[in-house]
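Colleague: One structure, as structure tokens, below. Some questions next.
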Amino acid sequence: MSSGFRRLAVALLFIATIFCSTIPARAADKITVASVSWTGVTIKSEIAVDVLKSLGYRAENKVFSVPITYSALANGDADVFFGNWMPSMATIANKFFDSGKVIKYVANMPGAKYTLAVPTFCAQAGLKDFSDIAKFGDKLDWKIYGIEPGNDGNQIIQNMIDKNMFGLGKFKLVASSEVAMLSQVQAYAANRKWIVFLGWAPHSMNERIDMTYLTGSTDATFGANDGTATVWTNIRKGLEQDNPNISKLFNNMTFPVAMMNQIMTSVHKDASLGLAKAGLVWLKAHPEMYEKWLNGVTTTAGKPGAPAFKAYLDSKA
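Letter by letter, the sequence shown follows residues 17 to 333 of my numbering.
Here it is as structure tokens:
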């Protein structure tokens, strides 16, 4: 081979090496957060996007339904999901965990609640337990109110109806959205109309509505402990190997129920604040939280993460 050809071959090899080596670096800098349109999950997801941006990552929050969220994680179209409510999501999520395509990862919020609820005046009149619902079918117009179609809570309710659990075979599930459902509940409660709906905590509904969670949930419904839930952070397979820095961040990120209640209540008091901004305002007042999250986490340039996020907070909140 002539020296000219050797030089050309070396040059082409060098260019190919540079090109190939930059692809993983660029890909690793992009993080997609999968979210669902629930207030609490939105707050967590928007906070995570802000933290990631402060570290130099290209981050975005994409909103899906629950089933599509798990498909996105399994296909590598999303990297992380902060809203895996267990045990209620088990029927959707467990098959992805079992296949190894989605990693359950870490509990980000223990002590949550997810089950059926009623306005307190209904409970005071005798509707206190799942077994009481059918007794008041006429008052309830034989309807149970859920949130968006495909949601795991809706699936549990529909399964209860389909199997005539607790005598609910005559009932109809009314699928809506979080906002629309809660508006309906508030209107019904204000007019002393009876309603059974899907409730959860943390959420500002617990402050806005005089409500009571029903007892009687089982392992076949919202869990044996009256709907007490643990919320998990799920990540896609391979994220820990692809980006150990971000995996450490996601492992560190916990969201105590009290924190979430305070953020949601602040938005209820001042709607102009918005969920994303409310989260940043709370973190600015509680630096110990983000300092714990960012312990051992660096920016994309390899610098300590906490000072970078503090600077970001100062410019945004």
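In this text, a Cβ means the ideal position worked out from N, Cα and C, and glycines have one as well.
By the 10 Å Cβ neighbour count, where 16 or more other Cβ atoms means buried, how is Gln171 classified, buried or exposed?
Modeller: Label assigned to Gln171: buried.
Colleague: Within 8 Å (strictly less), CB to CB, does Val201 reach chain D?
Modeller: The structure shown contains no chain D; it holds only a single protein chain.
Colleague: Grab me the residues of Val297's own chain with a C-beta within less than 6 Å of its C-beta, minus the 5 sequence neighbours each way, in chain order.
Modeller: Taken in chain order, the residues that qualify are Ala333.
Colleague: Which first and last residues belong to the beta strand (DSSP E) in which Val229 is found?
Modeller: Per the sequence shown, residue 229 should be read as Tyr rather than Val. Unbroken beta strand (DSSP E) run through Tyr229: Met227 to Tyr229.
Colleague: Going by the CB atoms, is the gap between Leu214 and Gly162 shorter than 8 Å?
Modeller: Yes, the pair counts as a contact, with Cβ atoms nearer than the cut-off.
Colleague: On the criterion of 16 or more Cβ atoms from any shown chain inside 10 Å, does Gly142 qualify as buried, or is it exposed?
Modeller: It counts as exposed.
Colleague: Bridge partners of Ala245, per DSSP?
Modeller: In DSSP, Ala245 forms a bridge with Ala128.
Colleague: Are the segment 230-245 and the segment 107-118 touching by the rule of at least three beta carbon pairs closer than 8 Å?
Modeller: No: fewer than three Cβ pairs fall under 8 Å.
Colleague: Under a three-way DSSP split, which group does Tyr121 fall into?
Modeller: Strand.
Colleague: Could you pull the start and end residues of the alpha helix (DSSP H) that Met280 belongs to?
Modeller: Run containing Met280: Val273 to Lys285, per the alpha helix (DSSP H) assignment.
Colleague: What's the C-alpha gap between Met181 and Ile173?
Modeller: Roughly 10 Å between the two C-alpha positions.
Colleague: Using DSSP's beta-bridge definition, name the partner residues of Leu214.
Modeller: BP columns for Leu214 point to Leu132.
Colleague: How far does the beta strand (DSSP E) with Asn77 in it extend, from its first residue to its last?
Modeller: From DSSP, the beta strand (DSSP E) with Asn77 extends over Arg74 to Val79.
Colleague: If you follow the beta strand (DSSP E) that Ile47 is in, where does it begin and where does it stop?
Modeller: Lys46 to Ser51 is the extent of the beta strand (DSSP E) around Ile47.
Colleague: When the Cα atoms are used, what is the spatial distance from Thr237 to Ile160?
Modeller: Approximately 14 Å between the Cα atoms of the pair.
Colleague: Beta-carbon separation of Ala324 and Ser70 under 8 Å?
Modeller: Result yes, Cβ atoms of Ala324 and Ser70 sit closer than 8 Å.
Colleague: Measuring straight from C-alpha to C-alpha, what distance separates Met269 and Val190?
Modeller: Whole-angstrom Cα-Cα distance: 34 Å.
Colleague: What residues match up with Asn100 in a beta bridge as DSSP calls it?
Modeller: Trp248.
Colleague: Going by the beta-carbon positions, is the gap between Ala75 and Ile47 smaller than 8 Å?
Modeller: Cβ atoms of Ala75 and Ile47: closer than 8 Å.
Colleague: In whole angstroms, what separates the C-alpha of Leu156 from that of Ile211?
Modeller: Leu156 and Ile211: Cα-Cα distance of roughly 5 Å.
Colleague: Quick check on this structure: which residue in Asn259, Phe97, Gly72 and Lys209 has the alpha carbon closest to the alpha carbon of Asp154?
Modeller: That would be Lys209, whose Cα lies nearest to the Cα of Asp154.
Colleague: Alpha carbons only, please: which of Phe98, Thr58, Ser282 and Pro103 is nearest the one belonging to Ala240?
Modeller: Of the listed residues, the one whose Cα sits closest to Ala240 is Pro103.
Colleague: Are three or more beta carbon pairs between the segment 78-89 and the segment 124-139 nearer than 8 Å?
Modeller: No, the segment 78-89 is not in contact with the segment 124-139.
Colleague: Classify Lys308: buried if its beta carbon has 16 or more other beta carbons within 10 angstroms, exposed otherwise.
Modeller: Under this definition Lys308 is an exposed residue.
Colleague: Classify Thr58: buried if its beta carbon has 16 or more other beta carbons within 10 angstroms, exposed otherwise.
Modeller: Counting Cβ neighbours within 10 Å, Thr58 comes out buried, since at least 16 surround it.
Colleague: With 16 as the cutoff for other CB atoms within 10 Å, does Ala287 come out buried or exposed?
Modeller: Exposed, because fewer than 16 other Cβ atoms sit within 10 Å of the Cβ of Ala287.
Colleague: In whole angstroms, what separates the C-alpha of Pro320 from that of Val79?
Modeller: Roughly 30 Å between the two C-alpha positions.
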